[in-house]
Amino acid sequence: MYITEKNLFKIALFFNSIYIFLFFLFSPQGISVSKILITSFLLFSFVVFVFLSLRNKKSLNDIPYLAKYAFYLLMFWGIVTVSRGFSLSIQDWVTNLGNVYMGLAWLMPILILLGHKIEYWNIIIKVIFTIFKLLIVSFLIVYFSMNLSVEYSWLLRPVCFLILIGLYRYKLINKIIIFLILTIYLITAIKVDIRVDFMYLFLVFSFILIDSIKQIKIKRSFLKYILFSFIILLCIVFTVGYETLSNFVAQIIDFQDSRTFLFQELFQELSPIEKIFGRGSLGTYYSHYFEHTKWYIVEILHRPWWGDSSTRITTEVGYLQMILKGGLIMLILNLFLMTYATYLALFKSNNRFVKRLGFYILILIILSLISFRPAFIPTFIILWIAIGTVLSKKNRQMGNEEIENLIKFK
74 MYITEKNLFK IALFFNSIYI FLFFLFSPQG ISVSKILITS FLLFSFVVFV
124 FLSLRNKKSL NDIPYLAKYA FYLLMFWGIV TVSRGFSLSI QDWVTNLGNV
174 YMGLAWLMPI LILLGHKIEY WNIIIKVIFT IFKLLIVSFL IVYFSMNLSV
224 EYSWLLRPVC FLILIGLYRY KLINKIIIFL ILTIYLITAI KVDIRVDFMY
274 LFLVFSFILI DSIKQIKIKR SFLKYILFSF IILLCIVFTV GYETLSNFVA
324 QIIDFQDSRT FLFQELFQEL SPIEKIFGRG SLGTYYSHYF EHTKWYIVEI
374 LHRPWWGDSS TRITTEVGYL QMILKGGLIM LILNLFLMTY ATYLALFKSN
424 NRFVKRLGFY ILILIILSLI SFRPAFIPTF IILWIAIGTV LSKKNRQMGN
474 EEIENLIKFK
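Mind the numbering: the sequence shown is residues 74 to 483 in our numbering, read in order.
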């Protein structure tokens, strides 16, 4: 039986989602039969994505010169970052290839090669809706039988993408599915206390509102100011410091700062060379905050400690995760491709779909300043394929009618 390229792509998407759901249900640790079986879904999806991407390597001919070489550099640096995590320890191999935040996360830019084919979005949308139907059926069982966690929200977050590209595009049954998943998403965010998901939704609806402005000049001005302001904000964070920004925001609204210590601890821990090159995909850093908190809860309150280890292999902030693993080289290469794709989508595109992909990329760029560490999960699969779609000159030059004929949103 012959399996088509599109069917392979669909299977890879499903297998990635199956891995996440099984990981949420069983949370396998160490080296065990269940861990190997569950991780096999993750590895299979990765191998298929790489295979399909390499089959479409000619799509690089359709992207701008600067983006092409930034892609080559990012893939090279990703391979270097992953290679630095290899050792003779079997556990290191399992962690590096079986954890969505480790080795596989830094090889995901290869999915840019799949973005050239606009038809792949048909499969992505269909798979998302299929997964959503399963989540709706299973939600009550999951909700009452176990504690919800961040991992569960990984499968719910694509609802933001579906809303962003246009609710009006879907038939009634799919609109109902989106509404139900949005409700589950909000319940999960409240129960697990994931504040970033509320910011995610806020940004999604804010950009939809901006896109609805009929005056093109006003709309473009809004977007230019937002993009320019974020670049300035990013420069302030990595020069003056995140604490300065946090103190400024605290004067305007009352919020709980849970990020300043992450920036301070990481930059204090890394040497100048490590800030440039990172510590590799299995690199760790020591957190005095978590060590002190653990001591206080265990020794003073006499309660069990359920938090992270003081030796942390990952950090919640997307940009800090890039620096920890691949240094400023990784951060700069990622930011260049993302911001360049955003610019092309918002200001050099002839169709609404590619513009909305630009909004999606921009939202993740913004959220990476406080959360959204790179991971081999649907949110970032969509991100890198979206970047590939946007970088393709052919896709940007299409009109709305051409896009509608290729993508069956309903």
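For each residue, glycine too, the CB sits at the ideal point set by N, CA and C.
For residue i, count neighbouring Cβ atoms within 10 angstroms of its own Cβ and tell me buried if that reaches 16, exposed if not.
i: residue 308; result: exposed
i: residue 469; result: buried
i: residue 394; result: buried
i: residue 157; result: buried
i: residue 420; result: exposed
i: residue 92; result: buried
i: residue 258; result: buried
i: residue 312; result: exposed
i: residue 413; result: buried
i: residue 88; result: buried
i: residue 106; result: exposed
i: residue 256; result: exposed
Using C-beta distances below 8 Å, list every residue in its chain close to residue i, excluding the 5 sequence neighbours before and after it, in chain order.
i: residue 292; result: 283, 284 and 286
i: residue 250; result: 202, 205, 206 and 209
i: residue 273; result: 230, 233, 436 and 440
i: residue 388; result: 335, 339, 358, 394, 397 and 446
Compare the beta carbon distance of residue i and residue j with 8 Å and say whether it is the shorter of the two.
i: residue 122; j: residue 224; result: no
i: residue 350; j: residue 402; result: yes
i: residue 144; j: residue 185; result: yes
i: residue 391; j: residue 451; result: no
i: residue 21; j: residue 333; result: Only positions 74 to 483 of the chain appear in the structure, and residue 21 is not among them; the question remains open.
i: residue 265; j: residue 222; result: yes
i: residue 262; j: residue 226; result: yes
i: residue 407; j: residue 147; result: yes
i: residue 336; j: residue 353; result: no
i: residue 200; j: residue 86; result: yes
i: residue 112; j: residue 171; result: yes
i: residue 300; j: residue 310; result: no
By Cβ distance, which residues of its chain are closer than 6 Å to residue i, with the 5 residues on each side in sequence left out?
i: residue 188; result: 458, 461 and 462
i: residue 435; result: 415
i: residue 115; result: 92
With a threshold of 7 Å on Cβ separation, who are the neighbours of residue i within its own chain once the five nearest residues in sequence on each side are excluded?
i: residue 204; result: 90 and 228
i: residue 134; result: none
i: residue 82; result: 125, 193 and 196
Closer than 8 Å is the cut-off here; do at least three beta carbon pairs connect the segment 379 to 392 with the segment 428 to 436? no
For the segment 212 to 223 against the segment 411 to 427, are there 3 or more C-beta pairs whose distance is under 8 Å? no
Quick one: which unbroken alpha helix (DSSP H) runs of 4-plus residues sit fully inside the segment 139 to 224? Chain order, please. 163 to 171 and 193 to 218
Ranges of the alpha helix (DSSP H) found wholly within the segment 75 to 146, counting only runs of at least 4: 78 to 99 and 106 to 128
Quick check on the DSSP output: what are the complete beta strand (DSSP E) runs of length 3 or more inside the segment 374 to 421, in order along the chain? none
Would you mind listing the alpha helix (DSSP H) stretches within the segment 453 to 479 that are 4+ residues and don't spill past its ends, in chain order? 466 to 470 and 473 to 479
Should the segment 175 to 185 be called in touch with the segment 122 to 136, which here means at least 3 C-beta pairs below 8 Å? yes
At which residue ranges does the segment 295 to 322 contain complete alpha helix (DSSP H) runs of 4 or more residues, listed in the order of the chain? none
Using 8 Å as the Cβ pair cut-off and three pairs as the minimum, do the segment 236 to 254 and the segment 438 to 446 touch? no
To test your reading of the DSSP string, which unbroken alpha helix (DSSP H) runs of 4 or more residues are found completely within the segment 235 to 273? 245 to 265
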